[in-house]
Amino acid sequence: MTSHLTIRRPDDWHVHLRDGDMLKAVVDYTARQFARAIVMPNLTPPVITVAAAEAYRQRILDALPADADFTPLMTCYLTDGADPEEIARGYEQGVFAACKLYPAHATTNSAHGVTDVRKLTGLLETMQRIGMPLLIHGEVTDRDVDIFDREAVFIERVLAPLVRDYPGLKVVFEHITTAEAVDFVAGSGPLIGATITPQHMIINRNAIFDGGIRPHAYCLPVAKREQHRLAVRKAAVSGSPKFFLGTDTAPHTVGRKEAACGCAGIFNAPFALESYIQVFDEENALDRFEGFASEHGPNFYGLPLNEGTVTLVRGGETVPERIVDGDIDLVPFHAGETLGWRIQG
Ligand code: DOR
Ligand code: ZN
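Below, the structure written as structure tokens:
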């Protein structure tokens, strides 16, 4: 049995680093494990301009320990009024790595999101022309659609027509949770990729209702039935270059999670790689882990692979029940569990 695995340094293609004290409390967990991360722009107010992204990038860099070797890749939050010229300028100047499309009211801080993709025609033409990736939270927001069907319905109503209308547009279908999403991505051309979180490979929807309401297992898109978890796992370990690592680590304080209307999000950054490698190990796919964690993402984005390596060793530690930093109190994914792998220090 393999006792350790050394891979090229990985990247996280989907993180929420937040701002202020929360940023200071969480950023190092991501920076310790990953060389680069695609940083989500759903702050209050959202990151819409080049100047706001530059200022946020600086706040992230300032929050890092002095010896950190980590590059945040910034994204632009799309609104109905998104300005193609501003966004193209940000991309060409190397400030924006991508644009993020939140359907309005789909999730945390998405109130300013896009009400109809048809409002983005000019922008999508520009992004297609300059090769700028579009990152999509793929759920319809129609309250008449069952929450467990919102991703599949989004594919049919929004994503398939979009991909057909913009055949040259690079699209990342973020945090996929269903067999329909796996099939759509696998059946599309090379410009369509997807990120996969650890939680959507590890839990199914039962975890949210296991003996009572479990707010720390609640994120969006919500975990689905077992058959979908299995399909997402299979895609991740398949070796296909279309699927890559994106944790969607989304910290909210315990008070905001354990509430009458608890926030969506799983804080998985502290043990992200350990969580992913466990899945690849269980699937007898350790030989495919490096591709998923360190190669498919940069290749999709057209960025160089990282130099340096990280070594994971069999035999894990117990994940703390709480992670506390000043007033910030967080419950990490896998709280209280002992994981099968650890990072060699
Ligand atoms: O669970 C989630 N949390 N899903 C999202 O799409 C947003 C995120 C957040 O920002 O908390
Ligand atoms: Zn997210």
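For what it's worth, the numbering used here labels the leading residue of the sequence shown as 101, then goes sequentially.
From the three backbone atoms N, C-alpha and C, an ideal C-beta is built for every residue, glycine too.
- Within the same chain, Leu223 come within 6 Å of alanine 182 by CB-CB distance, once the 5 residues on both sides are set aside.
- For the options Lys124, Tyr156, Thr221 and Thr149, the alpha carbon positioned closest to that of alanine 166 is the one of Lys124.
- Note on geometry: alpha-carbon atoms of glutamate 383 and glycine 311 lie some 28 Å from one another.
- Proline 341 sits close to asparagine 399, with the two beta carbons spaced by under 8 Å.
- Of all alpha-carbon atoms in His205, Pro351, Gln378 and Pro315, the one lying nearest the alpha-carbon of alanine 360 is that of Pro315.
- In this structure, the C-beta of glycine 365 approaches ligand 1 to less than 7 Å from one of its heavy atoms.
- At the C-beta level, proline 184 and arginine 250 stay beyond 8 Å of one another.
- A distance below 7 Å between beta-carbons, with the five flanking residues on each side excluded, links glutamate 154 to the following residues of its chain, in chain order: Val195.
- Of the residues assessed, methionine 122 falls on the buried side of the cut-off, its CB having 16 or more other CB atoms within 10 angstroms.
- For proline 398, the secondary structure class from DSSP, reduced to helix, strand or coil, is helix.
- For phenylalanine 343, the uninterrupted beta strand (DSSP E) segment begins and ends at 343-345.
- Bridge pairing for isoleucine 292: Val271 [DSSP].
- The stretch 268-288 and the stretch 429-443 do not touch, with fewer than three beta-carbon pairs separated by less than 8 Å.
- Distance from the CA atom of aspartate 265 to the CA atom of valine 217, rounded to whole angstroms, is 11 Å.
- Taken through DSSP and simplified to helix, strand or coil, threonine 175 comes out as strand.
- In the structure shown, valine 195 falls within a coil segment according to DSSP collapsed to helix, strand and coil.
- Judged by DSSP secondary structure, alanine 137 falls within the beta strand (DSSP E) whose first and last residues are 136-139.
- Relative to the non-hydrogen atoms of ligand 1, the Cβ of aspartate 348 comes within a distance shorter than 7 Å of at least one.
- Distances between the C-beta of asparagine 368 and the heavy atoms of ligand 1 are all 7 Å or more.
- In the three-state DSSP reduction, leucine 220 falls in the helix class (H, G or I).
- For asparagine 304, the distance from the CB to the nearest heavy atom of ligand 1 is not below 7 Å.
- A check of alpha carbon separations from valine 337 across His237, Ala163 and Met301 identifies Met301 as the nearest.
- Annotated three-state conformation of lysine 357 is helix, per DSSP.
- For aspartate 183, there is no enclosing alpha helix (DSSP H), as DSSP gives it neither H nor E.
- For leucine 105, the pairing in a beta bridge is given by DSSP as Leu412.
- Between isoleucine 366 and the set His275, Ala135 and Phe248, the nearest pair of CA atoms involves His275.
- Ranked by Cα distance from glutamine 327, the first of Thr277, Ile296, Gly289 and Tyr318 is Thr277.
- Between the alpha carbons of aspartate 162 and glycine 426 lies a distance of about 18 Å.
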